[in-house]
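Peer 1:
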Ligand SMILES: Nc1ncnc2c1ncn2[C@@H]1O[C@H](COP(=O)(O)OP(=O)(O)OP(=O)(O)O)[C@@H](O)[C@H]1O
Ligand SMILES: [Mg+2]
């Protein structure tokens, strides 16, 4: 097994604020790793670095062995990294089906000619992305929301569609940023069921950010805990959760 993604002593400085401070993390291919920490610890920022939205002020990032420290998000997506949104409220002007199709870039031809002239291969890819998105919605019983503007879908539906966008379509690494935030207990159980089934059947690597520690523990044998931009503890989930530094941080 190779390494899917790696952060090596990554620091992020935004103006005077140091958001991440020398964070190292290795995601083995196929591993399922939880990322936990209190509000403002830097979890979303770490996801932003991995996906190219923030560029580190120090350290290195590699995805499947390729140095992506300064790479743009589209380049990192092309390596197979998919990421769900902590806040789905900002997505507007697109139907649920179209939003789901965005996760299927790997099915699309990348050449400029295809993009500009809409060649037959391009149209074929477009149709197959639409078919896959539609059948995905059908399988999870959400097909009636396909043509509905994303912003008009119930909140829980938006969270599911966003998570599905990261899973379906050939991505190799899923970075899920708080898939359970704002969900009811019932929806949370459905999300757990969806992710457990998907991760059981696919070879995808998972970095799962969530405040619900028992949800993370159910899905991830390994864990990294951060606080104030620094790694607090890393290792197996049970060892991290038993670490006095983590207990102190979560209880305090
Ligand atoms: N673009 C930005 N500009 C200024 N400060 C930022 C920016 N992004 C993140 N921060 C700050 O960095 C810190 C870490 O934020 P981040 O969103 O990564 O935390 P988090 O662990 O995801 O928190 P939460 O659990 O609330 O989602 C916070 O203090 C936040 O205010
Ligand atoms: Mg966050």
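In this note's numbering, the protein residues as written are -15 to 236.
Idealized CB from N, CA, C, for every residue including glycine.
Kindly indicate which three-state DSSP category residue 16 falls into: helix, strand or coil?
Peer 2: Of the three classes helix, strand and coil, the one that applies to residue 16 here is strand, per DSSP.
Peer 1: From the DSSP output, read off the bridge partner residues of residue 207.
Peer 2: Answer is 18, 219.
Peer 1: Looking at the structure shown, is residue 174 part of a helix, part of a strand, or coil, going by DSSP?
Peer 2: Looking at residue 174 - three-state DSSP - the assignment turns out to be helix.
Peer 1: Kindly indicate which three-state DSSP category residue 161 falls into: helix, strand or coil?
Peer 2: Strand.
Peer 1: If you pair each beta-carbon of the region -8 to 0 with each one of the region 29 to 45, do three or more pairs fall below 8 Å?
Peer 2: Because the criterion of three Cβ pairs below 8 Å is met, the region -8 to 0 and the region 29 to 45 touch.
Peer 1: Evaluate residue 235 with the Cβ neighbour count: other Cβ atoms within 10 Å of its Cβ, from every protein chain shown; 16 or more gives buried, anything less gives exposed.
Peer 2: Under this definition residue 235 is an exposed residue.
Peer 1: Counting pairs of beta carbons, one from the region 191 to 201 and one from the region 159 to 170, are three or more of them closer than 8 Å?
Peer 2: These segments touch.
Peer 1: What residues match up with residue -10 in a beta bridge as DSSP calls it?
Peer 2: Partner(s): 10, 46.
Peer 1: If we cut at 9 Å on Cβ distances, does residue 230 have a partner in chain C?
Peer 2: In the structure shown, chain C does not exist; there is a single protein chain.
Peer 1: Quick check: does the Cβ of residue 200 come within less than 8 Å of any heavy atom belonging to ligand 1?
Peer 2: For ligand 1, not one heavy atom lies less than 8 Å from the Cβ of residue 200.
Peer 1: If you check the beta carbons only, do residue 22 and residue 76 fall under 9 Å apart?
Peer 2: Cβ distance not < 9 Å, so residue 22 and residue 76 don't count as in contact.
Peer 1: Name the residue from 88, 79, -15 whose alpha carbon lies nearest to the alpha carbon of residue 58.
Peer 2: The residue with the shortest Cα to Cα distance from residue 58 is 88.
Peer 1: Quick one: what's residue 79 bridged to in DSSP?
Peer 2: Per DSSP, 133.
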